[in-house]
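When the letters of the sequence shown are read in order and numbered with our numbering, they come out as residues 2 to 798.
Just below is one structure, and these are the notes that go with it.
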Amino acid sequence: MPPCRPELAKINIPLSITADTFFIPSAKAAWLLPSTLELTALIGAGQVEAGGSRYEVDHGKASIAVHLDQSQTQGTPAQITIPSINLLLRNPGTPNDATRELSVNVSGTLNASDLVEPGRINARLSATIPHVTFEDLAYYWPSLAAKGGKKWVTENITTGTATNLVTTAELGSTRGWSGIKLTSIQGGIDATGLTIHWLRPISPIQGLDARLDIVSPDKLSIHFDHGYQLVNRTGKNVGQSGTGRIEAGPGSMDIVGLTKKDQTGIIETDLSGPLQDVMALLAEPRLHLLSRHPLSLTRPRGAAMLHLGLSLPLISRVTINDMSIHSHADVSHASMGNVVAGRDVANARFGLDVTTDGLALSGRGVIGGLPSELTYDMDFRSLPPDAVAEKAHLTTRITPDTALAAGIATGQHFDGSADLAVDYQQLANHTGTVGLNLDLNHADIHIPMWHKTAGQPAQASATLMLDRGQITNVDRLQATGPDMSVVGKAQLRAGHAPELIISSFRIARSSGHARLVLPQDKSGNMIHVGVYADTLDLSPLVDGDEHEHTTAETKKPTNYHVPEAATGKLHGPPGTAWAIDLSANQLWYSKNKQPLRTVQAYFEDNGLRLEKMHFTMQGPVTASMSLMPTGANRTLHAHIPDMGAFLAAFGILPDVKGGQARLDGTFDDTLPAAPFSGKLSVTPFTLKKAPTTLQVARNISLYGWLNAQDANDFQVTHMNMPVTFEDGVLEIHDGTAGNTALGATLEGRVNLDRNSIDLNGTVVPIFALNTLPGKLPGIGRLFSPEKMGGCWPLPLA
């Protein structure tokens, strides 16, 4: 026989009911009417369907009292009191496991304006569950109650135990029994040992303690703490592999929209741990943050406090467009590589904000040894090609101490401070710029070619053009300051060597333009430097900087050391090859002497030694020099058409007139020291105002006295000096000089490095006649052992 009401068909349990009914007289009837009904029911094993779920009842007990108000003439108001309904439900998955049974206690009250046809109904029910595991929650959560919430909680909270569940629901109706609806619900549950998969396949937060509260019919809230998150570091660009750990909590998750078809989960949590682990978490592909937009930073280390916010629909398939993610991290004691121009940052403190739309970083640290402040922004959205996708701003103050920490030794050349600003911008089409500006207003600068004091305005700037992170050109290269202006650019073209072009420079007395070409690769190309000046002032490099303070330790030596680059002596492994092309209308080598004019020079070094050289000048006198490789040697030729004018112009010997000087020789490059062997020869020249002793020696020969055109002059008709040079020692071999009246021989050593001279020779009076016996065949050496010596030589003191 079917039940009297269809709803009762969902209850299939045996009941044993004991009822006590109390009757009272009433004015609305001639007989006694019931006023109180007290029911006690013993519940046996069976099944109950409620909320779209089927429950297996093991046993239970219920107490219900019904109070009827028979004093009303219209209708019979009723109050139903439920002191307790106790049910023990079996787990459908393991019905014979008593440890997984669920105990439910229900109590409450219901008031109806009429028992049979009520207009208004109010009810309040409370349920308590002492203990349940989240593993079993799927069996007991009604399927029709917040379906999305149930699906998410039961699938993603996989372990944990809930205790002290208390839920209070209020129901009401103004349309009778059929119109009863849930008007409010509140409750809560304590949980321990939770494992929450907050966004699969990211590893879950584990070990959480939580409090779950039913805030309203539309909202469920979970507050948690004391958990941890394991993070996979491998492939996340953090310089480590393996598993990291982040501490989780406090945090919360709200499930809203319980009365709607689909619910939304809102997660807010604090996470703390090593910076590399936090960045590895933000690089999880599921978040679509740093995985889609990786940072170029490497080896992040430090401590991070992260607040992560996530909002997503609780449906089976969630895309990035469905999610809203925001996070903020406070990072301290951080270090990272490749922050700016390949430089590392140390001892950094910054804030990092990451959302599905972009990233923003702001903080300070020591970048490449320089204390700096940095801001950085990246836009994750899909942008038109000309929109800004990334931008950064860096400022730093450079001092001698910070420059030294950055690996730049400034010595006495820099004091005070300089402010550097770097502005970076990249468009969505992957082209960008880096603006550099160095403010030197507060700097004292003392370099040989230029000087300024603090308070004098000066700055240098440049704009680097980028394509996919690679520098393609440098535009608007400028430097300005007191008595200084430089303008240029750099070209970096594919398949061509990088080239720096200084279109104009004016530095003190120097002005012109220049060009620098760097090696294209490491295959042996050389550095090319070209300087084309109207005026080039090298006097500070030759005479020293008058602004530079010298001490006994820094004072230049007074000896005549010859640089190894000039001799060709090998020293160490091969270096970078270079070539210098120089052209100057005026070249100042001294502050007080007249400049060289119309200078053309070319120098080429193969990385081991100076291999080629061409040098010519037209003033103040003409001179030329060349060095060319010839097989295993290098041949040197130097020519001074007017030696007297040359010696006078450079203040060496003002009383020499005429003479054409040549130096010809070779460097033997088969030997590491590359010794030089050559000959210095000079055509006839005259010593004006010759010393008295030299005049007396000449006049001993009547021949020399008669041939002298001026009693104060001494003419040298020949001068030949065979020389060798090796390891700083110049050696003269059988050198001769003189005329028909007086001759001299010279040989010995001059140590240029030690500033020592050890020379000896002879003076041969009546030279023309005195040398004749020495030229006799066979027996000449008996009369003159020295080459070009005489029978009666006088030794030099």
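All C-beta atoms in this analysis are idealised placements derived from N, C-alpha and C, irrespective of residue type, glycine included.
Original post:
Exposed or buried, which one is R699 when buried takes at least 16 other CB atoms within 10 Å?
Top reply: As a first step, residue 699 must be located in the sequence shown, where it is residue number 698. Reliability fails at R699, whose pLDDT of 46 lies under 50, so the model's placement of it is uncertain and no value is given.
Original post:
Going by C-alpha distance, which of S64, L276 and F651 is nearest T623?
Top reply: The count along the sequence shown starts at 1 and reaches residue 623 at position 622. Nearest option by C-alpha distance: F651.
Original post:
Based on Cα-Cα distance, which residue from L200, N442 and S511 lies nearest to T320?
Top reply: Here residue 320 refers to the residue found at position 319 when the sequence shown is read from its first residue. Minimum Cα distance to T320 is reached at L200.
Original post:
Near T196, which residues of its chain fall below 6 Å by C-beta distance, leaving aside the five closest residues on each side in sequence?
Top reply: As a position in the sequence shown, residue 196 is number 195, starting the count at 1. So the qualifying residues of the chain are T159, T160, P205 and Q207.
Subject >> Own chain, CB closer than 6 Å to D420, minus 5 neighbours either side, in chain order >> reply: Mapped onto the sequence shown, residue 420 falls at position 419. Answer for D420: R398 and D440, listed in chain order.
Subject >> Endpoints, the beta strand (DSSP E) within which S504 is located >> reply: As a working note, residue 504 is residue 503 in the sequence shown. If you look at S504, you'll find it in the beta strand (DSSP E) that goes E500 to I508.
**OP:** Identify which residue in L537, P642, A404 and P218 has its Cα closest to the Cα of T260.
**Re:** Working through the sequence shown from its first residue, we reach residue 260 at position 259. Restricting attention to L537, P642, A404 and P218, the CA atom closest to the CA of T260 is found in P218.
**OP:** From the DSSP output, in three-state form, read off A30 for me.
**Re:** Position 29 of the sequence shown, counting from 1, holds the residue named residue 30. Note: A30 maps to coil in three-state DSSP.
Original post:
Using 8 Å as the Cβ pair cut-off and three pairs as the minimum, do the stretch 163-174 and the stretch 69-88 touch?
Top reply: Not touching, per the Cβ criterion.
Original post:
Where do the ends of the beta strand (DSSP E) carrying Q48 lie?
Top reply: Translated into the one-based positions of the sequence shown, residue 48 becomes position 47. Annotation for Q48: the continuous beta strand (DSSP E) segment containing it runs G47 to A51.
Original post:
How would you call Q587, buried or exposed, if buried means at least 16 neighbouring beta carbons within 10 angstroms?
Top reply: Translated into the one-based positions of the sequence shown, residue 587 becomes position 586. It is buried - the Cβ of Q587 has at least 16 other Cβ atoms within 10 Å.
Subject >> In chain order, each alpha helix (DSSP H) run of at least 4 residues that lies wholly inside the stretch 731-755 >> reply: None, since the stretch 731-755 contains no complete alpha helix (DSSP H) of that length.
Subject >> Segments assigned alpha helix (DSSP H), at least 4 residues, entirely inside the stretch 238-316 >> reply: Runs found: 276-283.
**OP:** Put Y56 into one of helix, strand or coil per three-state DSSP.
**Re:** The residue given as residue 56 occupies position 55 in the sequence shown. It is a strand residue.
Original post:
Using a Cβ-Cβ distance under 8 Å, would A646 count as near chain B?
Top reply: No chain B is present in this structure, which holds just one protein chain.
**OP:** State yes or no: is the C-beta of D665 within less than 8 Å of the C-beta of K689?
**Re:** Here residue 665 refers to the residue found at position 664 of the sequence shown. Here residue 689 refers to the residue found at position 688 of the sequence shown. Not closer than 8 Å, so no.
Original post:
Quick one, are the C-beta atoms of P93 and G45 less than 8 Å apart?
Top reply: In the sequence shown, counting from the first residue as 1, residue 93 sits at position 92. In the sequence shown, counting from the first residue as 1, residue 45 sits at position 44. For the 8 Å CB-CB criterion, P93 and G45 do not form a contact.
Subject >> Inside the stretch 85-149 only - beta strand (DSSP E) runs reaching at least 3 residues >> reply: Every beta strand (DSSP E) of 3 residues or more that sits fully in the stretch 85-149 is shown, in chain order, as 103-113 and 122-134.
Original post:
Within this structure, are the beta carbons of A463 and N442 separated by less than 8 Å?
Top reply: Numbered from its first residue, the sequence shown carries residue 463 at position 462. Numbered from its first residue, the sequence shown carries residue 442 at position 441. Not a contact, by the Cβ cut-off of 8 Å.
Subject >> Inter-residue CB distance, A662 and F668 (contact presumed, cutoff 8 Å) >> reply: Indexing the sequence shown from 1 puts residue 662 at position 661. Indexing the sequence shown from 1 puts residue 668 at position 667. Contact flag wrong, Cβ pair sits at about 20 Å.
Original post:
What are the start and end residues of the alpha helix (DSSP H) that includes M527?
Top reply: For this step, residue 527 is matched to residue 526 along the sequence shown. Annotation: M527 is outside any alpha helix (DSSP H) and is labelled neither H nor E by DSSP.
Original post:
Which residues in the same chain have their Cβ closer than 6 Å to the Cβ of Q457, if we skip the five residues on either side of it in sequence?
Top reply: Working through the sequence shown from its first residue, we reach residue 457 at position 456. Closer than 6 Å at Cβ, skipping near neighbours: P483.
Subject >> Beta-bridge partners of R610, as assigned by DSSP >> reply: Reading the sequence shown from its first residue, position 609 is the one you call residue 610. The secondary-structure analysis by DSSP pairs R610 with nothing; it has no beta-bridge partner.
Original post:
Quick one: what does DSSP say G408 is sitting in, helix, strand or coil?
Top reply: For the purposes of this step, residue 408 is identified with residue 407 of the sequence shown, where counting begins at 1. The answer is coil: DSSP assigns G408 none of H, G, I, E or B.
Original post:
Nearest to H329 by alpha carbon, out of S336, A305 and N348?
Top reply: Your numbering for residue 329 matches position 328 in the sequence shown. Considering only alpha carbons, the answer is A305.
Original post:
Cβ atoms of G266 and L231: under 8 Å apart, would you say?
Top reply: Within the sequence shown, the letter at position 230 stands for residue 231. Within the sequence shown, the letter at position 265 stands for residue 266. No. Outside cutoff.
Original post:
Considering only the beta carbon of each residue, do A805 and N106 sit closer than 8 Å?
Top reply: As shown, the chain starts at 2 and ends at 798. That puts residue 805 outside it, with no answer to give.
Subject >> Spatial neighbours of V697 in its chain, beta-carbon cut-off 7 Å, leaving aside the 5 residues before and after >> reply: For the purposes of this step, residue 697 is taken as residue 696 along the sequence shown, with counting starting at 1. With a pLDDT of 46 at V697, under the threshold of 50, the modelled position of this residue cannot be trusted; read the value that follows with caution. Scanning its chain for C-beta atoms nearer than 7 Å, with the 5 sequence neighbours on each side dropped, one finds no residue around V697.
**OP:** Inspect the beta-carbon positions of R350 and A361 and report whether they are closer than 8 Å.
**Re:** Here the question's residue 350 lines up with position 349 in the sequence shown. Here the question's residue 361 lines up with position 360 in the sequence shown. No; because the gap between Cβ atoms is not below 8 Å, this pair is not in contact.
Original post:
Which residues bound the alpha helix (DSSP H) around L542?
Top reply: As a first step, residue 542 must be located in the sequence shown, where it is residue number 541. Residues S540 to D544.
Original post:
What span of residues does the beta strand (DSSP E) with L221 cover, start to end?
Top reply: Residue mapping note: residue 221 aligns to position 220 of the sequence shown, counting from 1. Where L221 is concerned, the enclosing beta strand (DSSP E) starts and stops at K220 to D226.
**OP:** Mark F807 as exposed unless 16 or more other C-beta atoms lie within 10 angstroms of its C-beta, in which case mark it buried.
**Re:** Coverage of the chain is limited to positions 2 through 798, which leaves residue 807 absent and any answer about it impossible.
Original post:
Going by C-alpha distance, which of T737, I472, T134 and A461 is nearest A495?
Top reply: Within the sequence shown, residue 495 is the residue found at index 494, counting from 1. Considering only alpha carbons, the answer is I472.
Original post:
Just to confirm, are G120 and T175 a CB contact at a threshold of 8 Å?
Top reply: Looking up residue 120 in the sequence shown gives position 119. Looking up residue 175 in the sequence shown gives position 174. Judged by their CB atoms, G120 and T175 are nearer to each other than the 8 Å cut-off.
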